[in-house]
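For reference, the structure discussed in these notes is given below.
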Amino acid sequence: MDREAVRRIALSLGADAVGFCVPRVFHEWQDVLEKRVNLPFEQPDVARRIDPFLHFSQAEGVVCILKSHDLFENHLAKDEYKVTSSSLIDYHREVKGILRELQKILEENGIQSTVMCDTEGLLDKQIALDAGLGFIGKNSLLIHPKWGSAVHIGYLLTDASWEPDPPVEGSCGECTQCIDACPKGAIKKEGGLRHLLCLSGMTQNRKAAPQYLEKYLYGCDICLKACPYNEVKEREERFIYREEDFALSHREFQLQYAEMEFAWLGRNLLHRNILWNQEEDR
Ligand code: B12
Ligand code: SF4
Ligand code: SF4
Numbered sequence: 062m063d064r065e066a067v068r069r070i071a072l073s074l075g076a077d078a079v080g081f082c083v084p085r086v087f088h089e090w091q092d093v094l095e096k097r098v099n100l101p102f103e104q105p106d107v108a109r110r111i112d113p114f115l116h117f118s119q120a121e122g123v124v125c126i127l128k129s130h131d132l133f134e135n136h137l138a139k140d141e142y143k144v145t146s147s148s149l150i151d152y153h154r155e156v157k158g159i160l161r162e163l164q165k166i167l168e169e170n171g172i173q174s175t176v177m178c179d180t181e182g183l184l185d186k187q188i189a190l191d192a193g194l195g196f197i198g199k200n201s202l203l204i205h206p207k208w209g210s211a212v213h214i215g216y217l218l219t220d221a222s223w224e225p226d227p228p229v230e231g232s233c234g235e236c237t238q239c240i241d242a243c244p245k246g247a248i249k250k251e252g253g254l255r256h257l258l259c260l261s262g263m264t265q266n267r268k269a270a271p272q273y274l275e276k277y278l279y280g281c282d283i284c285l286k287a288c289p290y291n292e293v294k295e296r297e298e299r300f301i302y303r304e305e306d307f308a309l310s311h312r313e314f315q316l317q318y319a320e321m322e323f324a325w326l327g328r329n330l331l332h333r334n335i336l337w338n339q340e341e342d343r
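Spelled out as structure tokens, the structure:
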């Protein structure tokens, strides 16, 4: 199948950008990952984080997509809290939905593939880098020249090969806006994330020490909103998680918030995050 035809189809299915690359083992990250203190939800098997062939042994090519999302400025009163802009829908379903449609079309053309997005643990940003979809910013996120860093990454590992897209030349230059904006000092001066300090991780980590979460119940997008590559819209935001929801059973809670990404945390962890925020508010 022609590469440009695949790109057009993926865009028509809802992808915002599409790139191609050749799968390879990311040997350069093995040491870093072996020494890394993982967050509880990270893929613990280093081999599965660096080796695409453990996910699809016939892999000869990668079709990588980006799906952009809006970023919102929030206006909160006392006792109102927020979730990160992107988590009002589940991006895994959105990105995997597009990829599954594409997978069907490739299959009709004799090409087998497997769908990947986030949870498998292979280094998504490295795949997107190789597929010419952006460069890595100081806050450690992939920045696409048009869509900025408010994007999610997903891809198909295919048994067909594709001519790779050229790398994107780009850099943060002298900018330090995300470093200055981060309330936890989680972004290093020279760039790179101290992931154990990042608020986004705290909100999802059952073992984190109690602390103020800057009114976030789930995730954090302060460094994305500070980035000149991104556009930020206005939104009035209300307390997204209502007091009466604490009375829901775990199953009722999951059903009520099924469409939203933050639902995977469950009501107990969200409740903990509310309490940590409330302590600072009082
Ligand atoms: C664990 C994880 C987290 C952890 C740790 C993040 C981290 N940087 O490691 C926490 C919970 C903190 C987190 C937070 C967020 N995450 Co997260 N996370 C992941 C996950 C599952 C693994 C990341 C990983 O393997 N890190 C390991 C270390 C080695 O990697 P790293 O520090 O990120 O370094 C990479 C790059 O920075 C780059 N790099 C580092 N140094 C250098 C130097 C040079 C010269 C170059 C070229 C590259 C480079 O290469 C490294 C390997 O790819 C990925 C999904 C996946 N399967 O990849 C999503 C992912 C990275 N997260 C994502 C998102 C959206 C977020 C949040 C915005 C969510 C939110 N709103 O709360 C925040 C952003 C925080 C931030 N500033 O990074 C997206 C990023 C999209 C993008 N534009 O890049 C991903 C790719 C999920 C997806 N498929 O869309 N996340
Ligand atoms: S997501 Fe929040 S805490 Fe994490 S690096 Fe960005 S601004 Fe800092
Ligand atoms: S805010 Fe500036 S330094 Fe940070 S990622 Fe964006 S361009 Fe790079």
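Residue numbers (this note's numbering): 62 to 343. Each residue gets a CB set at the ideal place from its N, CA and C atoms; glycine is no exception.
Taking the C-alpha atoms as reference points, what is the distance between residue i and residue j?
i      : j      : result
Glu155 : Ala78  : 14 Å
Ala242 : Ser261 : 14 Å
Val83  : Ser232 : 23 Å
Lys128 : Gln339 : 34 Å
Leu183 : Ile111 : 6 Å
Glu313 : Val124 : 37 Å
Val144 : Glu162 : 29 Å
Asn170 : Phe117 : 19 Å
Phe307 : Ile335 : 11 Å
Asn135 : Asp282 : 11 Å
Phe87  : Asp140 : 45 Å
Glu295 : Arg109 : 40 Å
Gly195 : Asp185 : 12 Å
Pro227 : Phe81  : 9 Å
Gln119 : Asp220 : 5 Å
Arg267 : Leu331 : 10 Å
Ser73  : Glu121 : 24 Å
Arg69  : Ile214 : 17 Å
Asn200 : Leu167 : 35 Å
Glu298 : Leu137 : 6 Å
Trp208 : Pro289 : 11 Å
Val229 : Leu202 : 14 Å
Asp133 : Lys157 : The residue you asked about is not Asp; residue 133 is Phe in the sequence shown. Taking the straight line from one Cα to the other gives about 24 Å.
Glu89  : Gly234 : 24 Å
Label residue i either buried or exposed according to how many other C-beta atoms from any shown protein chain fall within 10 Å of its C-beta, with 16 as the threshold for buried.
i      : result
Gln272 : exposed
Phe323 : buried
Phe102 : exposed
Ile248 : buried
His311 : exposed
Pro105 : exposed
Glu329 : Note that residue 329 is Asn in the sequence shown, not Glu. It counts as exposed.
Asn291 : buried
Quick one: measure Cβ to Cβ for residue i and residue j, integer angstroms, because I've assumed they're closer than 8 Å.
i      : j      : result
Gln164 : Leu217 : 6 Å
His130 : Ala211 : 5 Å
Ala76  : Ile159 : 6 Å
Q: Give every residue whose Cβ lies closer than 7 Å to any heavy atom of ligand 4, listed in chain order.
A: Ligand 4 is not among the ligands present in this structure, which contains only ligand 1, ligand 2 and ligand 3.
Q) Can you list the beta strand (DSSP E) stretches of 3 or more residues lying completely in the segment 192-249, in chain order? A) 212-219
Q | Continuous beta strand (DSSP E) assignments of at least 3 residues falling wholly in the segment 272-331 | A | 277-279 and 294-297
Q) Considering only residues of the segment 142-181, which uninterrupted alpha helix (DSSP H) runs meet the minimum length of 4 residues and lie entirely inside it, listed in chain order? A) 152-169
Q) In chain order, which continuous runs of the alpha helix (DSSP H) of length 4 or greater are located wholly inside the segment 94-122? A) 107-111
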